[in-house]
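Position in the sequence shown (first residue = 1) + 10 = this note's numbering.
Here the structure comes first, spelled out in structure tokens, and everything after it is commentary.
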Amino acid sequence: MVTPEISRPKRSRTYTKRIQIKRFSHNPLIVPDPNSSWMKVAVFNCGVIKDDNDGLYKMLFRATSRKDHQYSNIGLALSEDGKNWSIHDEPVLRRGFNQYCARGIEDPRIIQWVDGWYYVFAAVKSATAEPDNVRVGIFRTKDFFEYEWVGFSFNRIDRNTVVFPEPIGNCAFLLHRTYPHIWISRSEDLSLNNNWQDGQILIKSEELYPNPHNEVKPWKIGIASPPIKTPKGWLVLINTSNKESRYDVERVYSLGFAVLDLHDPTKVNYIHPEPILWPAEEYETIGCVPNVCFCCAAVDTGGDDIYVYYGGADTVVAGGILHKEELEGICY
Ligand code: BMA
């Protein structure tokens, strides 16, 4: 694949920054612990949910003690306010949970489903997998300490997958990726275990905003957070990457969003023309993988705000606030 930048004149676009995630002032929220056996090098991409049962924010985060980021385990952190977190001292989902996770579990996304279980969608690596040959494994839990294996979303290479947190028209809808676009599939089987059908491209990578420095459209996009239900549609945050390879020093991971129809989520009603989060702080631009804001969670606080959580430079957990007021006219 030829990268289009080469022949393009360098231009500089100034974004209006009309809608921006306001970083928490005490970022990063969680950092690696040099004395830990399991979170020594990096603690980053996380799923978060506000538990209706006890009102607590619950975070599952990816952690590794290896410089190559292999063999990730999943840790648990709890918070009363979504801003200050206490970390449970042991991983709650460990690599080796079953044969499909022998080489690690990564990038969890969480939803609470209609059957009362919390479902976790995560990239899993089996013993025989090449480093990047991941599949999406689905786990479920009631208490965030004990987990059951549900199955794979698809039995093929994939990541960046999650379902809508409720059935729509008696179907479960799955957002996933086939390079380089976001896809949507549906299933009448509400057990969330396979049978995903009618797959179609939902949003193409070139529909997202261009890089502000050279106008180049994203190389690939993927669903970031599970969809949030708003009065005027499903709000979905989207991770965008300007480069194919993680080893490319010019790669930047930033965050955008779109709004899908409330009753027919295969219909895209709005795609925001600008990023709402772009690596700028030191904990985003410097680290194991520089220039990365990679989001797996957005939580409706039930008040005026949406809290957004992301990995900074594949090294720390950070977060920020998206004020619903800023989305007025778009989905509020
Ligand atoms: C993606 C995944 C994420 C990672 C991100 C930024 O492709 O590998 O786990 O956080 O790249 O490096």
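Each residue gets a CB set at the ideal place from its N, CA and C atoms; glycine is no exception.
Item, Value
"Can you tell me which of N203, P228, V58 and A112 puts its alpha carbon nearest to the alpha carbon of I316?", "V58"
"State buried or exposed for A290, treating a residue as buried only when at least 16 other CB atoms are found within 10 Å of its CB.", "exposed"
"What is the residue span of the alpha helix (DSSP H) that Y293 lies within?", "E292 to T295"
"Would you kindly work out how many angstroms separate the C-alpha atoms of W95 and E198, rounded to a whole number?", "37 Å"
"Could you tell me whether the segment 165-178 touches the segment 186-204, using the rule of 3 or more Cβ pairs below 8 Å?", "yes"
"Which first and last residues belong to the beta strand (DSSP E) in which P175 is found?", "Unbroken run through P175: none, as it is neither H nor E."
"Can you check which of these residues, P236, V259, Y257 and I231, is closest to T250 by C-alpha distance?", "I231"
"How should D274 be labelled, buried or exposed, when 16 other C-beta atoms within 10 angstroms of its C-beta is the threshold for buried?", "exposed"
"Beta-carbon distances below 6 Å to any heavy atom of the ligand BMA define the shell here; list its residues in chain order, please.", "N55, E116, D117, R256, Y263, V299, V302, F304, G321 and D324"
"Which of helix, strand or coil does DSSP assign to S215?", "helix"
"What residue range does the beta strand (DSSP E) around V130 cover?", "Y128 to K135"
"At the level of alpha carbons, what is the spacing between G329 and V53?", "13 Å"
"Can you pull the DSSP bridge partners for A308?", "V318"
"Is the Cβ-Cβ distance between P160 and I121 less than 8 Å?", "Reading off the sequence shown, one finds Val at residue 160, where the question assumed Pro. Not a contact, by the Cβ cut-off of 8 Å."
"What residues are listed by DSSP as bridge partners for Y263?", "S251 and V302"
"Does L337 come out as helix, strand or coil in the three-state DSSP assignment?", "helix"
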